[in-house]
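The next block holds one structure in the form of C-alpha cells; read it before the comments.
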Amino acid sequence: MLALSRKRGESIIINGNIQIKVLEYNGDQIKIGIEAPKDITIYRKELYDVIEEENNKALNSKLPKIK
Amino acid sequence: MKIETREFGLIEIDETDIINFPNGITGFEEYKKFIILSDESGIFSVLQSVEEINLSFVLLEPLRFLGDYEVRIDDDLLLESIKTTTIDDLRIYTTVAVGGDPTKMTTNLIAPVLLNKKLQIAAQFILNDLNNDLVRYPIYEAISASVKGDTSC
C-alpha cells in the first residue's frame, strides 16, 4: 500500500484519470472527493466486502428444484 | 459455439446470447462475458460465465415475488455504464444463496444484477444501503406462495 500525507484541499491522481481529494476533516472523520471515469465503480469498502462475501456464498449454491 | 456450464453441462449458444459485464461481478471483476440460462422451473435462472465454468450463479427476478421491491439508483453515472437512462428498460435479477436446506434460501436484494437486454450489457450494482436483512433475504416463502398460486400478500 502506498501511503501519502495530504492536507485539506490537496489531491492524489491515480492512473492519470482518477483524482482523490481531501475535502475536509473533522476529528476522526475525513471527507474525500473522488473524480473518476464513469465506468469505474466506487464503493465504501465495508459494503463491497459484504457483497463479495455474499457472491461467494451464492457461487457455492446449486440450482434448487422447487416443485 | 459450445460452452461448458456447471448446471447444464455442455450446451450450444449463439454469440448474440453473450452478455457483456464491463465491470464483471463484485469480487470477480476480471470475468466479463456471461450468459443467462433459464431453468425449467420457470423460477430461477443461471448466470454462467463463458470464460470460467465454475463461475455460475443462481438468479431470480425479485419483482416476480416481492411486490414492493424497488431499485432506486440515484447516481446517473451507474446507469450510464450499462448505457441506459431509465430503470424501466432493465431486467432485474438477484443472486440466490442456498445450502442443504432449500427452505432457507436467501436472495441478495442489495446487489441486483441489472441487464440492458437490448444491448446485452449488464452490471451488478451495489445499492447504498448496508442492511444485513436485505443481503440475505429469505425468499423461499414468497416463491412457494407464488408457485401455489397464492395471491395473499
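Line by line, the protein sequences give chains C and H.
Residue numbers for the first sequence follow the working numbering, beginning at 9 and rising by one.
Residue numbers for the second sequence follow the working numbering, beginning at 4 and rising by one.
Heads up, the beta-carbon is just placed ideally off N, CA and C, and yes, glycines get one too.
{"query": "Looking at chain C, which residues of the segment 88–116 of chain H have a Cβ within less than 8 Å of any of its Cβ atoms?", "result": "T98, V99, A100, V101, G102, P105, M108, N111, I113 and A114"}
{"query": "Would you list, in sequence order, the uninterrupted alpha helix (DSSP H) runs of no fewer than 4 residues that lie entirely inside the segment 46–73 of chain H?", "result": "65–68"}
{"query": "Let's see if you can read the secondary structure: which residues bound the beta strand (DSSP E) around I85/H?", "result": "From DSSP, I85/H is part of no beta strand (DSSP E); its letter is neither H nor E."}
{"query": "May I ask which residues mark the beginning and end of the alpha helix (DSSP H) holding K65/C?", "result": "K53 to L67"}
{"query": "Which class does N135/H belong to by DSSP, given the choice of helix, strand or coil?", "result": "helix"}
{"query": "Check the Cβ-Cβ distances between N26/H and every residue of chain C, and say whether any is below 7 Å.", "result": "yes"}
{"query": "Is it a yes or a no for the segment 61–75 of chain H touching the segment 95–106 of chain H, going by three-plus beta-carbon pairs under 8 Å?", "result": "yes"}
{"query": "Between N64/C, I50/C and K39/C, which lies nearest to R16/C when the distance is taken from Cα to Cα?", "result": "K39/C"}
{"query": "Excluding sequence positions up to five away, which residues of its chain have a Cβ less than 7 Å from the Cβ of T87/H?", "result": "L93 and N119"}
{"query": "Run through chain C and tell me which residues come within less than 9 Å of L159/H, C-beta to C-beta.", "result": "Outside the shown range of chain H (4 to 156) lies residue 159/H, about which nothing can therefore be said."}
{"query": "Looking at C-alpha atoms only, which residue of I76/H, G70/H, L112/H and I22/H is the closest neighbour of S52/H?", "result": "I22/H"}
{"query": "When DSSP builds the beta bridges, which residues end up paired with Y34/H?", "result": "DSSP, once it has assigned bridges, lists no residue as partnering Y34/H."}
{"query": "Using the beta-carbon of each residue, which ones in chain H are nearer than 7 Å to D36/C?", "result": "Going along chain H, no residue has its Cβ under 7 Å from D36/C, so there is no contact; the nearest lies around 20 Å."}
{"query": "Can you look up K107/H in the DSSP assignment and give me helix, strand or coil?", "result": "helix"}
{"query": "At which residues does the alpha helix (DSSP H) containing I28/C begin and terminate?", "result": "Unbroken run through I28/C is the beta strand (DSSP E), I26 to N34; no alpha helix (DSSP H)."}
{"query": "Rounded C-beta distance between V157/H and L71/C? I'm assuming under 8 Å.", "result": "Beyond the ends of chain H as shown, which are 4 and 156, falls residue 157/H; an answer cannot be given."}
{"query": "Is the beta carbon of I59/C closer than 7 Å to that of A125/H?", "result": "no"}
{"query": "Taking C-alpha atoms, which residue in I129/H, S44/H, R67/H and I6/H lies nearest to F37/H?", "result": "I6/H"}
{"query": "Can you have a look at N63/C and say buried or exposed, based on whether 16 or more other CB atoms are within 10 angstroms of its CB?", "result": "buried"}
{"query": "Using the rule of at least 16 other Cβ atoms within 10 Å of the residue's Cβ for burial, across every protein chain shown, is M4/H buried or exposed?", "result": "exposed"}
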